[in-house]
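Numbering (the UniProt record's numbering), first residue to last: 1 to 280. Notes for the one structure printed next.
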């Protein structure tokens with residue numbers, strides 16, 4: 001089973017362009033889908049029907065690009081990060097899947113931003129865990145504009161609520177996707193919560209849990225002093241000259257795995273991270 005984790009930066013091309021191009025994102029996903037295509041891809045910084053990305057359901061488009069019939073989007077916020085947004089309320093759909101991506105609940109059709117999973121393997125059940133947000137923001141380095149391609153510039157960013165989305169697959173694996181806070185300490189607190197949730201899901205669903213995503217933690221910190229291990233060691237940020245690993249694929253299981261070479265997609269400031277798992 002091949003798993004890919006990728007922070008897609010809502011499909012923004014590198015160097016940045018004024019508007020994210022949905023065709024570029026589809027082409028990038030197709031690059032990842034070659035020889036062999038992933039059985040499951042987990043993405044972060046994903047848009048759902050936002051004006052800045054032409055009202056596209058990005059996880060649906062990625063699923064089409066890799067030939068995955070099963071997908072889900074979990075919004076962290078309604079609206080656009082860095083612009084106008086709000087937290088989810090009781091009327092907002094918490095998990096939007098391929099069967100209801102047109103939206104049925106009041107508020108389900110409103111544009112959102114969050115994380116998604118697309119899978120070729122049938123999903124027995126979807127799960128969501130809300131992780132909250134840090135009470136403070138921080139100045140972050142983001143890609144420069146067209147005049148300064150590949151150059152990072154600092155801007156102050158307010159931390160948005162974080163979530164974890166899990167797919168329990170019929171092959172006995174539960175994949176948990178997340179994008180943790182960039183605020184030091186708070187991201188470790190969120191990761192502890194996810195690890196505890198993963199163990200609960202293993203018991204409840206009788207599966208093996210794998211945690212993937214942009215954890216915003218460098219230097220292998222997600223596995224320090226824990227029973228979890230990292231299945232891939234690869235600098236993933238920034239994509240044009242990666243020096244830091246923020247993206248991980250973690251498990252407590254002793255399953256065999258092979259790390260796959262990364263792919264320069266031309267989209268996002270993160271490189272995708274992929275492994276092949278040898279399932280019993």
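Here a beta-carbon is modelled for each residue, glycine too, at the ideal position from N, C-alpha and C. Computed from a predicted structure; not experimentally measured.
- Span separating the alpha-carbon of residue 106 from that of residue 94: Because the pLDDT of residue 106 is 42, which lies under 50, any placement of that residue in the model is unreliable, and the question is left without a value.
- Within 8 Å, strictly: CB atoms of residue 11 and residue 80: no
- Query: Do you know how far the Cα of residue 222 is from the Cα of residue 188?
  - Reply: 8 Å
- Message: Let me check understanding here. Comparing Cα to Cα, which of 72, 234, 164 lies closest to residue 119?
- Response: 72
- Item | Alpha-carbon to alpha-carbon, residue 112 and residue 74 | 9 Å
- Query: Using 8 Å as the threshold, is the stretch 181-197 in touch with the stretch 230-243, meaning 3 or more CB pairs across them?
  - Reply: no
- Query: Would DSSP call residue 7 helix, strand or coil?
  - Reply: strand
- Burial state of residue 224, where buried means 16 or more other Cβ atoms lie within 10 Å: exposed
- Task: Can you give me the start and stop residues for the beta strand (DSSP E) that residue 41 sits inside?
- Result: 40-48
- residue 244 to residue 70, Cα distance in whole Å? 31 Å
- Keeping to the same chain, check which residues put their C-beta closer than 8 Å to that of residue 67; ignore five residues upstream and five downstream. 33, 37, 120
- Whose C-beta lies closer than 8 Å to the C-beta of residue 98 among residues of the same chain, with five residues either side of it excluded? 60, 63, 69, 70, 71, 72
- Query: If residue 78 and residue 44 are in contact, beta carbons under 8 Å, what's the gap, nearest whole angstrom?
  - Reply: The pair is not a contact, with the Cβ atoms about 17 Å apart (cut-off 8 Å).
- Message: Looking at residue 247: is its Cβ nearer than 8 Å to the Cβ of residue 260?
- Response: no
- Query: Do residue 265 and residue 26 have their C-beta atoms closer together than 8 Å?
  - Reply: no
- Query: Since residue 195 is in the alpha helix (DSSP H), which residue starts that stretch and which ends it?
  - Reply: 186-205
- Coil, strand or helix - residue 37 by DSSP: coil
- Item | Same chain, Cβ closer than 6 Å to residue 271, neighbours up to 5 away in sequence not counted | 236, 239, 242, 262
- Going by C-alpha distance, which of 254, 176, 190 is nearest residue 4? 176
- Message: With DSSP as the reference, identify every bridge partner of residue 70, one or two as the case may be.
- Response: 119
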